[in-house]
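Trainee: In full-length UniProt numbering, the protein residues as written are 1 to 956. We treat Cβ as the ideally placed atom computed from N, Cα and C, and that holds for glycine. Take this structure first; my questions come after.
See below:
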C-alpha cells in the first residue's frame with residue numbers, strides 16, 4: 001500500500017489587519033514648546049464632542065460657590081459629565097501643584113475648577129462629588145476616582161464609565177454630544193444649567209472666543225487661552241468594533257545601538273538584539289541619565305534594563321528587590337554568565353562589603369530595609385566606583401493602593417535626595433494608572449521616562465468556572481491519566497488558595513492522586529518553605545499548593561498551569577499570580593475555580609478601596625466578555641492599542657471567546673431589573689437589615705427554615721420569588737452591591753456579615769414605592785445572563801491559524817527535545833542549580849529545531865551567552881548522536897530550518913502509525929493542551945491520517 005500525501009498540521013501565528021487608530025488630541029500652550037499628551041488616566045471616546053463654554057476660577061471660594069450653585073439646581077438622579085485631568089496641561093514646573101476638575105452640566109456650559117496650592121479641597125465641590133444622588137458620567141473615570149481618594153480623601157460616588165457602555169453600542173461613524181450620549185446610554189437627561197456668576201470674572205479682559213476654551217495656566221495674572229489643536233486624520237472608519245488595535249511606535253529620535261553594545265549583549269546575555277522598549281530605557285540611562293518608570297509584562301525582559309548598563313559601562317548597579325530567594329536566583333544566573341553579582345545584607349561577611357566598595361561586583365542586590373539604612377554606602381559607591389543606576393524592582397510594593405504594599409518601600413524617597421545624579425529605575429509588571437502615579441510621586445522621580453509595554457500575555461489561556469467544594473472532583477479536569485495508572489499534571493503548576501487551611505486540604509487531595517506536590521504558606525518555617533521552593537525549581541515536585549505568600553520569588557520559566565482554587569481578591573494580585581505561567585513564551589493555561597462566598601471581606605483596613613477592588617474582580621469572574629479585554633482595560637486604555645494581533649476572539653484567548661458568547665457582547669445591553677430589585681431591597685428592609693443576604697432570599701423564596709424567623713412568614717412578600725432560583729437572587733444581590741445599592745458590613749462577630757441598604761439604595765427604594773419609578777437598568781452578570789453556546793465548543797481545523805509542519809517533523813523534533821531535557825536535568829543536577837537557569841525550554845526547543853553541531857553554532861541560539869555555551873557543550877553530543885541515528889542532516893541555519901531525510905529513514909506505514917499514536921501523548925513540544933486549542937481536531941486529523949492509503953511524502 002502506498003500513501004499519496006501526508007496530511008499536514010498548522011503551527012504558526014496568523015496576522016490580522018491593523019485598523020487605523022484615532023490620534024490623541026494635543027494641546028499647544030504659549031509657554032510650552034512641545035505637544036501635550038493626555039495623561040495615562042485619560043481615555044477619550046473618539047467621537048465624543050463638546051463645544052460648550054468653560055467657566056473658570058482659580059479661587060477656592062469661587063470653586064465652592066460654583067459647585068454649590070450647580071448642586072442646588074440638580075434634582076436627585078440627575079447626571080453630570082465629569083472629567084479629571086492628571087497632570088494638568090500647564091507650564092512646566094507648575095504641574096505638581098495643580099489639578100483640574102471639569103463638570104459638564106449641559107451641552108452649553110462646562111464648569112472647570114482648578115485646584116492649585118490651596119489649603120484644602122473646596123468643600124462645595126467635595127459635597128458635589130460625594131453626592132450619591134447625582135450621577136457622575138465620564139470616560140476613564142475609574143482612574144479619577146482613585147486619584148481623588150489617594151490625594152484628597154474624596155470618595156467619588158455614583159460614577160458611570162461611558163466607554164464601557166459606548167464602545168460597542170455606537171454605530172460606525174457616529175458623533176455624539178455629551179448630552180446625546182448620556183440620553184442614548186443612560187436614558188438620562190443632562191441637567192440644563194442656569195446662570196452662574198463668578199466673583200472675579202470681571203477682573204480679566206477676555207474675549208468671547210477665549211471663554212470658549214479652557215485656561216492653560218492658573219498661576220499667571222492674565223489667563224492665556226488657546227484652542228485645542230486636533231491631530232485627527234479625518235478617517236471615518238468604524239473603530240468601536242475593531243478586534244485588533246495594535247500599532248508599532250517607532251522612536252526615530254533614538255539612535256540604534258553601536259556594535260560594541262551588541263557585542264556586549266551577545267557575549268554576556270546571549271541575545272542578538274534589544275527589544276525596542278528595552279533599548280529605549282537603556283538608552284535613556286546611558287545617554288540622558290534620566291529617571292524611568294518601567295511597566296513591563298512578565299517575561300518581556302525588564303531585568304536587562306538594569307543589568308546591561310553596569311556590564312557595558314564597567315561600573316555598578318544597585319537593585320532593590322523585596323524577596324531574598326528571587327535575588328539569590330538572579331545572582332546565580334548572572335554568575336553563570338560570568339557577570340560578577342552579589343546579594344548584600346546584614347548577614348554578609350565583612351570581606352563581601354570590602355569587595356563591594358572596591359567595585360568588584362557589577363550588580364549588587366539588596367532589600368528595601370537594608371537600602372534605607374545604608375544610603376551612605378550607596379553614596380560612597382557613587383563617588384569611588386560610579387553608580388550606573390539604582391533599580392527599584394517590584395515597584396508596585398511602594399503604593400499603599402497596591403496589592404502587595406510593603407512599608408519599607410516608602411522610605412526609598414531618600415534615594416533621590418542623596419543620589420541626585422544617579423538615574424532611578426522603578427520597575428513593575430503590574431501597576432494600574434493610579435499606582436503608577438503613586439510610584440512616581442513616592443520615589444520623587446524627576447521628569448521620568450514612563451514606559452509601558454502591553455499587559456497582554458498572548459500565550460496565556462484564561463478560564464473561569466465554579467468550584468463544587470470537592471477538591472479532587474474540581475481539579476481532575478486539569479489532570480491527565482498516566483499510561484501505568486494514576487494521574488499527572490501537564491507540566492509544572494501552581495495552585496493558589498485563599499487560606500493556609502485550604503492549601504493543606506488541596507495538598508492532601510493531590511497527594512491521594514499520587515501527584516508529587518508541596519505546600520507553601522506563612523505558617524511553615526523558613527526551612528520548610530525553602531525546601532519546597534528548592535524542589536519545585538529543580539523539578540523534583542510537579543506542583544506547589546500555596547497561599548499568596550508564594551509567587552513573586554519564583555523564577556521558574558516553564559510553569560504550564562496556574563490554578564486559583566478560590567476567587568482572587570483584586571485584579572492586580574490576580575495578574576501578578578498568573579504572570580508566573582508561561583514565562584518561556586510557550587502556551588500555558590490559567591484557571592479560576594470560585595464560588596460567591598469567596599468574596600467576603602472581614603478586614604476594616606482599606607475597606608472601601610478593597611470592596612471596590614473585589615467588586616471589579618467579581619465582575620471579571622461573572623463576565624461574559626472577553627477576559628483578556630477586561631484585564632487589559634483595567635491596566636491600560638479602553639482602546640486596547642497594545643493587544644496582540646489576532647488573539648482576542650480566538651479559541652486560544654479565553655473560555656468566553658471559545659464558547660462564542662463574546663461575539664455580540666450581550667453584556668453591554670442594559671436590562672431592567674427594577675421589579676426584582678425592589679422585592680429584594682424591600683425584603684432586606686422588612687427584616688430590619690439584621691441578616692446576611694441569604695436570609696432575605698430564603699424569605700422571598702418562601703423557605704420555612706430556621707434562618708427565616710416565623711414572624712416573617714405572614715409578610716406580603718414572603719414566597720413572592722419562589723419561582724426564581726436562589727443562585728439567580730444571589731447574582732442579583734452581588735450586582736446591587738457592585739452598583740452601591742446594597743453594602744455588606746461586619747456583624748456582631750468578626751466572621752458574620754450583614755447586608756444593608758446604602759443611602760443610594762434607600763433613595764431608590766423610596767421612589768420605587770411608586771411603580772412608575774421602579775426602573776433599574778443593570779448590566780446582567782454571568783449568572784443573570786444565560787449562555788447561548790456550548791462552552792466546550794472546539795475550534796475547527798479549518799479555522800486554525802498555524803504554519804504547516806509535517807507530523808513526522810514534529811515527531812522527530814519532539815524526541816530530540818525530550819533527550820535534550822533529560823541531558824539538561826543531569827547537567828543541572830551535577831551543578832546543583834535549577835534546570836531552567838542552565839537553559840530555558842525555549843532554548844532547548846530552538847536547539848531541537850536548528851540542531852547546532854558546534855560551539856559556534858550553539859552561540860547563535862538566542863539566549864545562549866558565551867559562558868552558557870561552554871556549559872551546554874554535552875548537549876551537542878546528544879544532537880550529533882540523534883541525527884546520526886535518524887539519518888538527519890545537522891543544520892547550521894538558525895533563522896529557518898527544515899528537516900532533510902536520507903532514503904534510508906523513510907519509514908513504512910506501520911511505523912507511521914506508531915509515531916502518530918505516540919505524538920498524541922506529547923505535551924511539551926506540541927503542547928497546546930485541551931485548554932488552548934481543544935484536543936478533538938488534532939485527534940480527528942491523526943485518525944484520518946492513519947487511515948490514509950497512499951504514498952508518503954516527507955519534509956516541508
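Confirm, please, whether the CB-CB distance from residue 431 to residue 439 is below 8 Å.
Mentor: Yes, the Cβ-Cβ distance between residue 439 and residue 431 is below 8 Å.
Trainee: Check residue 678 in the structure and name its three-state DSSP category.
Mentor: DSSP places residue 678 in helix when its eight states are reduced to three.
Trainee: Give every residue of the same chain whose Cβ lies closer than 6 Å to the Cβ of residue 446, excluding the five residues on either side of it in the sequence, and list them in chain order.
Mentor: Excluding positions up to five away in sequence, the list reads 291.
Trainee: Helix, strand or coil for residue 371 per DSSP?
Mentor: In this structure, residue 371 counts as helix in the three-state DSSP scheme.
Trainee: Please state the DSSP three-state secondary structure of residue 518.
Mentor: It is a strand residue.
Trainee: Mapping DSSP to helix, strand and coil, what is residue 260?
Mentor: Helix, per DSSP.
Trainee: Would you give the residue range spanned by the alpha helix (DSSP H) that residue 537 belongs to?
Mentor: Unbroken alpha helix (DSSP H) run through residue 537: 526-537.
Trainee: Below 8 Å on the Cβ atoms is my contact criterion, and I expect residue 648 with residue 633 to pass it. Report the Cβ-Cβ distance as a whole number of Å.
Mentor: So it is not a contact: roughly 12 Å between Cβ atoms.
Trainee: Which residue wins for smallest C-alpha separation from residue 731, given the options 622, 678 and 651?
Mentor: Measuring from the Cα of residue 731, the nearest candidate turns out to be 622.
Trainee: Tell me the DSSP secondary structure of residue 626 in three-state form.
Mentor: If DSSP states are grouped into helix, strand and coil, residue 626 belongs with coil.
Trainee: Give the range of the alpha helix (DSSP H) segment to which residue 300 is assigned.
Mentor: First-last for residue 300: undefined, no H or E at that position.
Trainee: Closest by CA to residue 532, which one among 262, 333 and 494?
Mentor: If we check each option's Cα against that of residue 532, 494 comes out closest.
Trainee: Start and end of the beta strand (DSSP E) containing residue 486?
Mentor: Neither: residue 486 is in no beta strand (DSSP E) and is coded neither H nor E.
Trainee: Which residue's Cα is closest to the Cα of residue 873: 844, 754 and 886?
Mentor: Measuring from the Cα of residue 873, the nearest candidate turns out to be 844.
Trainee: Please state whether the Cβ-Cβ distance between residue 448 and residue 394 is less than 8 Å.
Mentor: It is not a contact, given that the beta carbons lie outside the stated cut-off.
Trainee: Go ahead and label residue 656 buried or exposed: buried means 16 or more other beta carbons lie within 10 angstroms of its beta carbon, across all protein chains shown.
Mentor: By the neighbour-count rule (16 or more Cβ atoms within 10 Å), residue 656 is buried.
Trainee: Is it buried or exposed, residue 619, if we count other Cβ atoms within 10 angstroms and call 16 or more buried?
Mentor: When all chains shown are included, residue 619 counts as buried.
Trainee: Report all residues from its chain with a CB closer than 7 Å to the CB of residue 385; omit the five preceding and five following residues, and keep chain order.
Mentor: Same-chain partners within the cutoff: 315, 316 and 359.
Trainee: Between residue 148 and the rest of its own chain, which residues show a CB-CB distance below 6 Å, the 5 nearest in sequence each way excluded?
Mentor: Cβ within range, chain order: 154 and 156.
Trainee: Pick helix, strand or coil for residue 497, following the three-state DSSP scheme.
Mentor: Residue 497 falls in the coil class under three-state DSSP.
Trainee: If the criterion is Cβ atoms closer than 8 Å, does the pair residue 158 and residue 113 meet it?
Mentor: No, these two residues do not count as a Cβ contact at 8 Å.
Trainee: DSSP three-state label for residue 449, please.
Mentor: Here residue 449 sits in strand by DSSP.
Trainee: Among residues of its own chain, excluding the 5 on either side of residue 300, which ones have a beta-carbon nearer than 6 Å to its beta-carbon?
Mentor: Cβ within range, chain order: 453.
Trainee: Among 862, 684 and 134, whose alpha-carbon lies nearest the alpha-carbon of residue 76?
Mentor: For the residues 862, 684 and 134, the minimum Cα distance to residue 76 belongs to 134.
Trainee: Can you have a look at residue 682 and say buried or exposed, based on whether 16 or more other CB atoms are within 10 angstroms of its CB?
Mentor: That one is buried.
Trainee: According to DSSP, is residue 345 helix, strand or coil?
Mentor: If DSSP states are grouped into helix, strand and coil, residue 345 belongs with coil.
Trainee: Sort 870, 861, 866 and 847 by Cα distance to residue 882 and report the nearest one.
Mentor: Nearest of 870, 861, 866 and 847 to residue 882, Cα basis: 847.
Trainee: Mapping DSSP to helix, strand and coil, what is residue 292?
Mentor: It is a strand residue.
Trainee: Beta-carbon within less than 6 Å of residue 784's beta-carbon, same chain only, minus the 5 sequence neighbours each way: which residues are those?
Mentor: Only 731 meet the Cβ criterion.
Trainee: What does the alpha-carbon distance come out to for the pair residue 296 and residue 132?
Mentor: About 37 Å.
Trainee: Under 6 Å Cβ to Cβ from residue 375, same chain only, skipping five residues before and after it: list those, please.
Mentor: For residue 375, where only same-chain residues beyond five positions count, the Cβ hits under 6 Å are 414 and 418.
Trainee: By Cβ distance below 6 Å, which residues in the same chain neighbour residue 285 in space, the five residues on each side in sequence not counted?
Mentor: Answer for residue 285: 309, 389 and 423, listed in chain order.
Trainee: Start and end of the alpha helix (DSSP H) containing residue 962?
Mentor: The requested residue 962 is not part of the displayed model; the chain covers only 1 to 956.
Trainee: Give the secondary structure of residue 429 by DSSP, where H, G and I count as helix, E and B as strand, and everything else as coil.
Mentor: Coil.
Trainee: How long is the line joining the alpha carbons of residue 567 and residue 574, rounded to whole angstroms?
Mentor: Approximately 9 Å between the Cα atoms of the pair.
Trainee: Residues bridged to residue 466 by DSSP?
Mentor: DSSP output for residue 466 lists 594 as bridge partner(s).
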